[in-house]
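Just below is one structure, and these are the notes that go with it.
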Amino acid sequence: MGGRFRVEALAESGGMGAVYRAWDVTTGRRVAAKVLHDPSPHHLARFAREAELLARLAHPGIVRYVAYSAARESTPFLVMEWLEGEDLCRLLARRRLSVAETVELGARVAAALGAAHALGIVHRDLKPANIFLVGGRIEEPRLLDFGVARLPDMAPITGAGMLVGTPDYMAPEQARSGDEVGAPADIFSLGCVLFQCVTGAPPFQADHLVALLARIIFDDPPRLSGRCPGAPPWLDALVSQMLEKDPARRPRDGAAAHAALAAQEVHGGSIPAPASSALTSSERRFHGVAVIGRAPASALDATLSICEADPDAGALREVAARFEGRLELLADGTAVLIVGRPHVPTDVAAQLARCALALRERVPDRPIAITVGWGELGRGLPVGDAIQRAAGLLRSAGRAGAPRILLDKTTAGLLEARFEAALTASGAVELRGERSAAEPWRPLLGRPTPCVGRDHELRLLEQTFAACAGEPAARAVLVIGAAGMGKSRLLQEHLAALRRAGAPAEIWAGHGDPLRAGSIGGLLAEVIRGAAGIQGGEPIEERRALLRARVARRAPEAERRRIEEFLGELAGVPFPDEDSLPLRAARQDPELLGEQMQRALRDFLRAECAAQPVVLALEDVHWADRASVAAIDAALRELADQPLVVLATARPEIKQAYPDLWGERGRQEIWLRQLSPKACAQLTREALGGAADSALVDRLVTQSEGQPFFLEELIRATAEGRGEAMPDTVVAMVQVRLEALPPPARRILRAASVLGEVFWRGAVAHLLGGDAAPLADHLSALVTGELCVRRREGRFPGEEEYCFRQALLREGAYAQLTEDDRALGHRLAAEWLEGAGEADPLVLAAHCERGGMTARAASLLVRGAELAAARRAYLDAEGCYGRAEALVGALLPAARHARGLARFRLGRHTEALADLAAAREEAAEAAEPGAEIELLLDEAMILDWTGEYRAASERVEAAERLADWVDSPLLNARLLLGVGRSLHRDDREDEAAMVLSRAAEQAARLGDEGYETHIIARLMLGFILASLGRIDEAVRDLDAVILSCEERSDLMHLGAARNNRALARALQGDRAGMIADLERTIALGRDLGQPAFELVGRYNLAEHLYLMDDLEAAAPHARAVQAMEPRCDDHHAPIAVALLTARLRLYQGDEAGARGIALRLRAAQEGAGGDALKPSEDVLCSMIELATRDDDGAAWAALEERSARCSVGQERIEVLEARALAAFRRGRYVDARLQIERALAAASTTPTVMGSRLRRWHAELTAQTESEAPDTHPRRR
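Once you know that position 571 of the sequence shown is 592 in my numbering, the rest is easy, because the numbers rise by one and skip nothing.
This is the structure we're talking about:
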């Protein structure tokens, strides 16, 4: 190139050209050669500009110029110094910068900009991609790409409608059409870069270009401290100054910015603790946005500036002035108009619609999109999310063809009564014109409002209670209605009626809360604490005494201690466990703890119901935690014959959260619909008194749409005389109500809304940065004004507790918070709640997450997940882990390990294994052999559960290879357990028994720590001993396991032990003992809410009764198994259940039915997504296929050989019997007798329950073959 530069390799390629690594033969240095591939005049001018400006600049922070050539006979190229490293954009994609790094980088970049500005050069495209870090070092940045930079005396190279710069980092004067762009524009861009370095994202973001440009022009920039809690105040202030809308208010140039940054001393990379802060007086208001698309291309002169080229600019400004709006012409040729002076949203929408219709008259050839929404009030005008929606509509308007006015559904809803709008073919809403205005309302004084129009619903509730108390029988009623439909009022009226009637009933109340939606037991904890008279702030001993006294009132003396201890766990009133083995054991076993808490709740309710009916009044259960919902479901099931009434209210979202809440318990649903016009009229007349004439009442009734809260707010608005046109949406009504309050009251409500439906005076004071005492009068006024309710009892000691009278009031106040105040408020709320003693990590996590404290939120979510798993709420646990992962990008290995185990419990084995494998890789990289062994053994357990025995053995072998690096008795015992399991799967039962015995012995010596390993080893050992024919020994071993489980109230392992002992008893010939154990296993499954447990018990009972030749007794259990299987989480259960059904049908003579099941299993196995058959299941499926067709001996011989390797237990004998059965049904009687004799021979060496059945059939076959007159239809064949 040019006789001087030798190209070595392509380094990077782009739209205009490419950059090559080259060698400067003159200097012997490596250089970067930028070659222009598009020689269009525009690109040639830009290329020449970059070369000219670089040649003038000489600064260590700017890439060094080497040479430039634009000879006509060759391709233009620009040569610069070669840089090794990466640009800032790539670094920020991996991580944020610390404050110290940000300040150092900013100072050096500002110094480079200062050198350019001193020469009058403005970069105009400063962004992370144009800041190169030499060697990847923050302290050595270089500015790149001066292609759009310019000197004051340079001619512009952009035409109308062309953007200069990158939108995310543009200054307002660049985003706006026609403004002069100087050095302060680079300072704004630098401020954006610094903001992104600390927070991870630029200050202005949007999905569409128009929305982004508008937000840069209109929206006040977010505070750095709002996105990064604890950012140094001086840096927060400096970045805010750099992001000022007015260029004159920013540092004047790079030198000034460098001086400001260099003057600060930053030690280390950590962010200091946040300074004390308070919510501001700023608030978000409703406003309207109109986006006007570009003028047709023919109307623009490419040689003029946009301002001069747009023939509609004058018309647009005239319409904006008429409607008191603010108009901005954007650099891309579009225009944005903001209206928002009226405070009532319907008025804002109406003004906006009229403005759009006026614009259409003046600029009929341009598409228009209008939207309304919330935005922050400050020095700029708010656009918020409304501009996003408007920009999206404008794009669809451009594609639709003819220009028109489009609006979103929210805006259309506000305009419905006044304007004519219609749906377009694309699903958008088109504004067509305005109808006549509605008649104004007369203001009247408000009156208290009674409960009207709910007589039918109240009668249903009364009848439900009467039936429950009279039969007695448990009942559940779910009252569903949209927010503001009167659910709470209905519940309160019913409970008041019960009290007035003197009904003997215990009424315990609780409510769901959005901040507690993922908490474990949150709803029931409130119920139990309320029943015991616990407020939450008492000393722990006092709380224990209150709970103990409440339990002692009704519970049997022998059960009191267990009930009070585990209710204490559920209610957050922990008891000591030093002398309580069951409590200590449960705290070490998450599943056991969850089981015991559910059992204690049921026993507590049973004792109470024995004395009088119990009413659980639960509000907002759409926000209830899963553990509480499941516990109530179990109580309704187990206490079906007790006078227990569950009255719950919920919004329609309940159908997404809990699609069939308590549906299997006969739950009744009452949907609260709109009030009838008669009821609305009654309410209006009683509230407004004699001043309410028929016309006014009719108007209010019509506009309320039958919604009680709407109607109440309309009555208040009418009485207060706030405007002629009443709002048509809930948010509009809430805004009207809130706007009537003085600013201090609105600020208090905004602070209170951060805390949720319930708030405390001290917490509000903390958010407002002052003392709680002066708030008393304001809160009293809010109570008097029916906005809030003061509660008699509070959750925190010494704190006055309040709640919003309506959830919609809280939502309206929350909507008025600015983004910065919302984030700050949640941080302050978390701080106050933690200091006040809030023990629920998910409540704190919700505040931390919304406050931008992601690391703290993730840590709390992991703690919440651990608590969820401890109560067997594995779905909630997984959700918490997922939220934590989304916040921080990746879970720590311990958390990933725990999530894998939770997913295993949920039956999501593939995901569980993925989590464990990832955690194991990290443990290996961190050289933590102990953790690696634990993970390998847990993987082996899951793989064994899914039938992947070879892979499970490989994990155990890998764990063995690491064992020498770890000295842990517990891990050694677990390792022996894994080895024993692998030996068992390899049919090396004698060796397995010895190894499992050692595992059990070692674990037993560890006491509580080794309990679970000890029990599992003994469980497996009992099963193996039975298969080895050491049946009496197996029964004795399992007797000991059962005794140990009963001593610890370990119901989960107790069920498994009884199941295994039942199978051993069957081999002993103890039919009654087998049935008793399996029936107890089934009952335990029901008690624990574990359908898989119940399924296993019924399956084994059906299978063994069938093998014992008692089909009549087996049939009902087989049918029960089929009915239960869909409720079981085990994805493999359908295969086992189907095979059991097929085996029964085969033995009964229904060959077609048996064969049909086998064929379906094969088809599912071969189809996409089908579950694979385990080897033993594949043998049984083949057995059914061969037995239902005429196959020769070779096929049977091959199957027998496979059965000898793969079949489990006595299934090998069943294969021989099926071969005999097939021969008999096809007239080969001698062969049938031979196969039965082979089966009897196998039974003499293999423990089986089939002996009597085989002997009976052999006798029958012998008699028939000797008489030579066989019965072709013997019984059960």
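Every residue, glycine too, gets a C-beta built ideally from N, C-alpha and C.
For Ser1224, the enclosing alpha helix (DSSP H) begins and ends at 1214-1227. In this chain, Ala446 is not harboured by any alpha helix (DSSP H), its DSSP state being neither H nor E.
Non-local C-beta neighbours of Cys701 in its own chain, meaning closer than 7 angstroms and more than five positions away in sequence, comprise Val722, Ser725, Gly727, Leu732, ordered along the chain. With the rule of 3 Cβ pairs closer than 8 angstroms, the region 782-799 counts as touching the region 844-862.
Judged by pairs of C-beta atoms under 8 angstroms, the region 1052-1063 does not touch the region 581-590, as fewer than three such pairs exist. In this structure, the alpha-carbon of Leu428 lies about 11 angstroms from that of Ala407. Residue environment: Ile561 is assigned as exposed (fewer than 16 neighbouring CB atoms within 10 Å of its CB, all protein chains considered).
In this structure, Val169 and Arg197 do not form a Cβ contact; the two beta carbons are roughly 17 angstroms apart against a cut-off of 8 angstroms.
Beyond the five residues adjoining it in sequence on each side, Glu822 comes within less than 7 angstroms, by CB distance, of Val779, Trp781, Arg812, Gly815, Arg816 in the same chain, given in chain order. The region 206-215 makes contact with the region 266-274, as at least three CB pairs between them are under 8 angstroms. Straight-line spacing of the CA atoms in Glu599 and Ser302 works out to 53 angstroms.
Around Gln556, the same chain offers Arg550, Glu814, Gly815, Arg816, Pro818 as residues with beta carbons nearer than 8 angstroms, after the five sequence neighbours per side are excluded. Per DSSP, reduced to three states, the secondary structure at His1279 is helical.
Inclusion of Ala919 and Ala886 in the CB contact set at 8 angstroms is warranted, their separation being smaller than that value. For Lys676, the three-state secondary structure derived from DSSP is helix.
Rounded to whole angstroms, the gap between the alpha carbons of Leu992 and Ser1224 is 36 angstroms.
Glu949 is the residue among Val987, Glu949, Asp897 whose C-alpha sits nearest the C-alpha of Pro914. The distance from the Cβ of Asp189 to that of Pro243 is about 14 angstroms, inconsistent with a contact at the 8 angstroms cut-off. In the DSSP annotation of this structure, the continuous segment of the beta strand (DSSP E) that includes Thr670 starts and ends at 665-671. A distance below 7 angstroms between beta-carbons, with the five flanking residues on each side excluded, links Ala945 to the following residues of its chain, in chain order: Glu953. Taken in chain order, the unbroken stretches of alpha helix (DSSP H) that lie wholly in the region 752-829 and span 4 residues or more are 764-776, 782-789, 796-805.
Taken in chain order, the unbroken stretches of alpha helix (DSSP H) that lie wholly in the region 896-958 and span 4 residues or more are 914-926, 930-946. Only buried fits His279, as 16 or more other CB atoms lie within 10 angstroms of its CB. Approximately 23 angstroms separates the beta-carbon atoms of Gly221 and Val155; this is outside 8 angstroms, ruling out the contact. Within its own chain, the residues whose Cβ lies closer than 6 angstroms to the Cβ of Ala621, once the five positions on either side in sequence are excluded, are Ile584, Phe587, Leu588, listed in chain order. Contact check for Ala867 against Leu770 fails: the beta carbons are separated by 8 angstroms or more. Judged by beta-carbon spacing, Arg605 lies within the 8 angstroms limit of Asp1029, meaning their Cβ atoms are closer than that value. Between Arg410 and Thr392 the beta-carbon gap is near 4 angstroms, inside 8 angstroms, which marks them as a contact. Straight through space, the alpha carbons of Leu996 and Glu981 are spaced by roughly 7 angstroms. Its Cα nearest to that of Gly141, the residue Leu78 stands out among Thr96, Ser119, Leu78. In chain order, Val56, Leu57, His58 place their CB closer than 6 angstroms to the CB of Gly38, counting only its own chain and leaving out the 5 sequence neighbours on each side.
By the Cβ test, the region 797-812 is not in contact with the region 857-877, since fewer than three Cβ pairs between them sit closer than 8 angstroms. The Cβ neighbour count for Asp936, taken over all protein chains shown within 10 Å, is at least 16; the residue is labelled buried. The Cβ-Cβ distance between Pro388 and Arg425 falls below 8 angstroms. For Val636, the uninterrupted beta strand (DSSP E) segment begins and ends at 635-640.
Minimum Cα-Cα distance from Glu122 among the listed residues Glu955, Arg111, Ile159 corresponds to Ile159.
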